[in-house]
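> If you read the protein sequences in the order shown, they are chains A and B. For the first sequence, my numbering gives the first residue as 10, with consecutive numbering after it. For the second sequence, my numbering gives the first residue as 10, with consecutive numbering after it. The structure follows.
Protein chains: 2
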Amino acid sequence: MSEDKLSDSKKPVILKDIAEACGVSVATVSKALNGHRDVSESTRQHICLIAADMGYLPNSAALRLKTNRSFNLGVLFDDQANSGLTHNFFSRILDSLKRQAEQRGYDITFLSQNIGQMKMSYYDHAVYRGCDGVVIACVDYYSPEILQLIKSEIPVVTIDHSFHERTSVLSNNVDGMRDLTAYIISCGYQRIAYVHGEDTAVTRSRVGSFYRTCEERGLAVPDAYLIAARYHNTGDSAQATRQLMALDQPPDCIIYPDDYSSLGGRWVLDKMKLSVPDDIGIAGFDGLNFARVLDPELTTVRQDTEEMGKAAANQVIDEIERPRSAIPHQILVNCQLIKGGSVAVRPAAPVS
Amino acid sequence: MSEDKLSDSKKPVILKDIAEACGVSVATVSKALNGHRDVSESTRQHICLIAADMGYLPNSAALRLKTNRSFNLGVLFDDQANSGLTHNFFSRILDSLKRQAEQRGYDITFLSQNIGQMKMSYYDHAVYRGCDGVVIACVDYYSPEILQLIKSEIPVVTIDHSFHERTSVLSNNVDGMRDLTAYIISCGYQRIAYVHGEDTAVTRSRVGSFYRTCEERGLAVPDAYLIAARYHNTGDSAQATRQLMALDQPPDCIIYPDDYSSLGGRWVLDKMKLSVPDDIGIAGFDGLNFARVLDPELTTVRQDTEEMGKAAANQVIDEIERPRSAIPHQILVNCQLIKGGSVAVRPAAPVS
DNA sequence: TCCTCCGTCTTAATCGATTACGTAAAATCA
DNA sequence: TGATTTTACGTAATCGATTAAGACGGAGGA
Chain A
10 MSEDKLSDSK
20 KPVILKDIAE
30 ACGVSVATVS
40 KALNGHRDVS
50 ESTRQHICLI
60 AADMGYLPNS
70 AALRLKTNRS
80 FNLGVLFDDQ
90 ANSGLTHNFF
100 SRILDSLKRQ
110 AEQRGYDITF
120 LSQNIGQMKM
130 SYYDHAVYRG
140 CDGVVIACVD
150 YYSPEILQLI
160 KSEIPVVTID
170 HSFHERTSVL
180 SNNVDGMRDL
190 TAYIISCGYQ
200 RIAYVHGEDT
210 AVTRSRVGSF
220 YRTCEERGLA
230 VPDAYLIAAR
240 YHNTGDSAQA
250 TRQLMALDQP
260 PDCIIYPDDY
270 SSLGGRWVLD
280 KMKLSVPDDI
290 GIAGFDGLNF
300 ARVLDPELTT
310 VRQDTEEMGK
320 AAANQVIDEI
330 ERPRSAIPHQ
340 ILVNCQLIKG
350 GSVAVRPAAP
360 VS
Chain B
10 MSEDKLSDSK
20 KPVILKDIAE
30 ACGVSVATVS
40 KALNGHRDVS
50 ESTRQHICLI
60 AADMGYLPNS
70 AALRLKTNRS
80 FNLGVLFDDQ
90 ANSGLTHNFF
100 SRILDSLKRQ
110 AEQRGYDITF
120 LSQNIGQMKM
130 SYYDHAVYRG
140 CDGVVIACVD
150 YYSPEILQLI
160 KSEIPVVTID
170 HSFHERTSVL
180 SNNVDGMRDL
190 TAYIISCGYQ
200 RIAYVHGEDT
210 AVTRSRVGSF
220 YRTCEERGLA
230 VPDAYLIAAR
240 YHNTGDSAQA
250 TRQLMALDQP
260 PDCIIYPDDY
270 SSLGGRWVLD
280 KMKLSVPDDI
290 GIAGFDGLNF
300 ARVLDPELTT
310 VRQDTEEMGK
320 AAANQVIDEI
330 ERPRSAIPHQ
340 ILVNCQLIKG
350 GSVAVRPAAP
360 VS
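Structural data, given as structure tokens:
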């Protein structure tokens, strides 16, 4: 019957066409296709068959107009560096988010501030496109644009940052940093410095966990061993490294805010003719792919981006489909310690 | 007046609201906002002012339903490895594509084969979402799904592959490979092997250019020096490397299908205790970011992903807005040779 | 003075769906 | 058999916009 399923029909099939083909009204077709009870089983089957055969596809615009549901998720992926989709960490989350959203019948639209000539806020963009929900994974969580979205009536889930009004998906930074620090200590490093990122909730979790772990193992952490640097900024991390190595008691291991930043440190240490991991150990955070091709491989904490993206998609869709599931909470996703050669067991050290 | 621009109004402002506020009909508001001539200048200004003040946003669903334009671009980004958005090369193109599309007032929707439970073709998905145009940047260009899209009435632009029915955006592979090969030769390498990707139009351009360049410089290329491997497959490239190095006359330089593949080769050479670039030179293709953090840095050809994405967006939008611009042609984007330490001037060699 | 034309709005149809409500026939009950 | 409920559809309003066609008052021409 349907030998032209792959043909390029100029005019899409609409309900009216099916109605005429079946000799019933448009309303009946609609109800049959949606499985309403007031259509006899026989006509329902007939209509569905004809519809499939004619290659019927609903018109998402009409659907949205009438039902006020777009099956479309707004996504906000922007960091201050504007690396956007290029960012390996974000793109991994996005990829997983997209897959899970598709699985559940949702498409994705990127929210931006200017669409064409007119400037509009992220919220406006979401309204314009009728997004059923929004996932935010950006860095500057305190811009008024973001807050407008957070305070709006649209279901929102944030990644890597928590607002008390909304559910968030976070790496278990506390456990992750604890594992990393404990491993470094177990390798025999004694003077561990932490070049941490700028002051955010995530950073605070990590710094706290770092401190606690060192303390528990009886390791002192001089104040000078904690330096702030911007995330993903090799310049900052290079500078911090110089500062650390100029100390009277320079550290024998440095933890960087993230994998990328660790490169800045590595370059400085190279220039100082210090060898990693013998003279000094270095570690990152994120578990990006390129950390695997460095020599020596970077010791880092891999964030489970697969799970984070999936969890974010599921949560926001749950909130859309069952509004009662919207009670704000935190979804913690475990990380995994990756032991690379950049941190190694020291000759005379006890191994746990 | 508009002190609540950032407030979360439950109900969006619609034309009717503006019409009532201005004491005119809905039609007049619509025409005023769209700059039609049959509205007096004074009422036009008044309406526009009130509309802006009330924070009016058009409803994209209603707009699409009535005008049959969605200002939405379908994007197909899928390679057989399913690395999807994680793929550094694609994500760079996508990022640029997205920026340019936004600039011109278009949003982006990823086309997939199954949205929710129901399976639909890429074409169906594009129709369902009313995409005004589609950009394809996938690897398996010969699947029936892709062909259906290619043969459809929807404006389509392809990246990295040409169909005679459609306009495509391509790197200037011929010039790129020529520059790379010429540079390698100028460094003094004499026996250059090329582990090329699977048989595609792109591969053929590169292989042809490689041959020609070698020939022009009087360099013989034994058949055994050309080996096929899948793109982005380190296993294949490792295997090819072993095969090459087992030859009676092993090459003194190997060009890999892409940057990522070059890692497979590097590992094999490392195990053989061969030093890069002294014992053997290696080169990639793509210019991915991680190639910069390798030691020594990879010599490669950087594809101008920024320009490719932008060109693709512009072309497809041009076709949408001015159908006459849809005459199929190829848009060539120049590449840039990146000289890393993985290919170096040989001691006794002439330098061009 | 009367008719025409023009500028400016309004009316109403339409895009493709959903759904409250109405209705005729069949089934159930007294 | 007559009244009532149930089943299975159809009618028409509606979502938020665009746009062809019609209406109305004033300016200009004969």
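All C-beta atoms in this analysis are idealised placements derived from N, C-alpha and C, irrespective of residue type, glycine included.
Hey, is I56 of chain A's beta-carbon within less than 8 Å of any beta-carbon in chain B?
Closer than 8 Å: no.
> Counting only beta-carbon separations shorter than 8 Å, does R309 of chain A have a partner in chain B?
Residue identity check: residue 309 of chain A is Thr in the sequence provided, not Arg. By this cut-off, T309 of chain A is not an interface position.
> So with CB distances below 7 Å, who are the chain A contacts of P356 of chain B?
By Cβ distance, chain A contributes nothing, its closest Cβ being about 25 Å from P356 of chain B, past 7 Å.
> Residues of chain A with a CB under 7 Å from the CB of D304 of chain B: which are they?
Those are D304, listed as they occur along chain A.
> Looking at the C-beta of Y137 of chain A, does it have a partner C-beta in chain B at a distance below 8 Å?
Interface residue, yes.
> Below 8 Å CB to CB, which residues in the same chain sit around R175 of chain B once its five sequence neighbours on both sides are set aside?
If we look at R175 of chain B and ignore the five residues flanking it on each side, its Cβ neighbours are I159, V165, V166, T167 and P337.
> Could you tell me which chain A residues have their CB closer than 7 Å to the CB of P164 of chain B, listed as they occur along the chain?
Correct list: empty, because the minimum Cβ distance to chain A is about 13 Å.
> Hey, how far is the Cα of Q109 of chain A from the Cα of Y132 of chain A?
C-alpha separation (whole angstroms): 23 Å.
> Ignore the nearest five residues each way along the sequence and tell me which others in M63 of chain B's own chain have a CB closer than 8 Å to its CB.
Closer than 8 Å at Cβ, skipping near neighbours: S11, V22, D26, I27 and A30.
> Hey, G293 of chain B and T314 of chain B: beta-carbon distance below 8 Å or not?
No, Cβ-Cβ distance for G293 of chain B and T314 of chain B is not below 8 Å.
> Can you find a CB in chain B that lies within less than 8 Å of the CB of V352 of chain A?
Judged by the 8 Å Cβ criterion, V352 of chain A is not in contact with chain B.
> Could you check whether I264 of chain B and Y192 of chain B sit closer than 8 Å to each other, using their CB atoms as the reference points?
No.
> Does the beta carbon of R251 of chain B come closer than 8 Å to any beta carbon on chain A?
So, not an interface residue.
> With a cut-off of 8 Å, does the C-beta of S39 of chain B fall near any C-beta of chain A?
Answer no: the Cβ-Cβ gap between S39 of chain B and chain A never drops below 8 Å.
> Is there a C-beta anywhere in chain A that falls below 8 Å from the one on E111 of chain B?
By this cut-off, E111 of chain B is an interface position.
> Consult DSSP for G206 of chain A and reduce its assignment to one of helix, strand or coil.
DSSP places G206 of chain A in coil when its eight states are reduced to three.
> Which first and last residues belong to the alpha helix (DSSP H) in which G273 of chain B is found?
Start and end: D268 to K280.
> Just the C-alpha distance for K40 of chain B and L24 of chain B, rounded to the nearest angstrom, thanks.
Roughly 11 Å separates the two Cα atoms.
> Exposed or buried, which one is E328 of chain A when buried takes at least 16 other CB atoms within 10 Å?
Under this definition E328 of chain A is a buried residue.
> Closest by CA to V33 of chain B, which one among B:H45, B:I56, B:G44 and B:L303?
Nearest of B:H45, B:I56, B:G44 and B:L303 to V33 of chain B, Cα basis: B:I56.
> Does any CB atom of chain B fall closer than 8 Å to the CB of D141 of chain A?
No, its Cβ sits nowhere closer than 8 Å to a Cβ of chain B.
> Taking a cut of 8 Å between CB atoms, which residues from the segment 20-33 of chain B lie near chain A?
The residues in question are P21.
> Using C-beta distances below 6 Å, list every residue in its chain close to V144 of chain A, excluding the 5 sequence neighbours before and after it, in chain order.
V84, V166, A321 and V325.
> With distance defined between alpha-carbon atoms, name the residue in A:G139, A:S130, A:D169 and A:L253 nearest to P153 of chain A.
When each option's Cα is compared against that of P153 of chain A, the closest is A:S130.
> Within the continuous alpha helix (DSSP H) that includes S86 of chain A, where are the two ends?
Note that residue 86 of chain A is Phe in the sequence shown here, rather than Ser. Element bounds for F86 of chain A: n/a, residue is neither H nor E.
> Report buried or exposed for N77 of chain A, applying the criterion of at least 16 other Cβ atoms within 10 angstroms of its Cβ.
That one is exposed.
> Closer than 8 Å is the cut-off here; do at least three beta carbon pairs connect the segment 236-256 of chain B with the segment 267-277 of chain B?
A contact exists between the segment 236-256 of chain B and the segment 267-277 of chain B.
> By a C-beta neighbour count over all protein chains shown, 10 Å radius and 16 as the cutoff for buried, is K107 of chain B buried or exposed?
It counts as buried.
> Would you say the beta carbon of F219 of chain B is closer than 7 Å to some non-hydrogen atom of the ligand ADP?
The model on display carries no ligand, and the ligand ADP is accordingly not part of it.
> Just the C-alpha distance for A70 of chain B and K20 of chain A, rounded to the nearest angstrom, thanks.
Spanning the two alpha carbons is a distance of roughly 19 Å.
> Taking all protein chains shown into account, decide if D279 of chain B is buried (16 or more other Cβ within 10 angstroms of its Cβ) or exposed.
When all chains shown are included, D279 of chain B counts as exposed.
> Just how far apart, CA to CA, sit L346 of chain A and G185 of chain A?
Between L346 of chain A and G185 of chain A, the C-alpha separation is close to 7 Å.
> Helix, strand or coil for K128 of chain B? Go by DSSP, reduced to three states.
If DSSP states are grouped into helix, strand and coil, K128 of chain B belongs with the strands.
> Could you tell me which of B:C262, B:R215, B:R187 and B:P231 sits nearest to E225 of chain B, measuring between CA atoms?
If we check each option's Cα against that of E225 of chain B, B:R187 comes out closest.
> So, for E316 of chain A: in the same chain, excluding its five sequence neighbours on each side, which residues have a beta-carbon less than 6 Å away from its beta-carbon?
Closer than 6 Å at Cβ, skipping near neighbours: V342.
> Ordered along the chain, which non-local residues of its own chain (more than five positions away) have a Cβ less than 6 Å from that of G350 of chain B?
These residues qualify, in order along the chain: P305 and E306.
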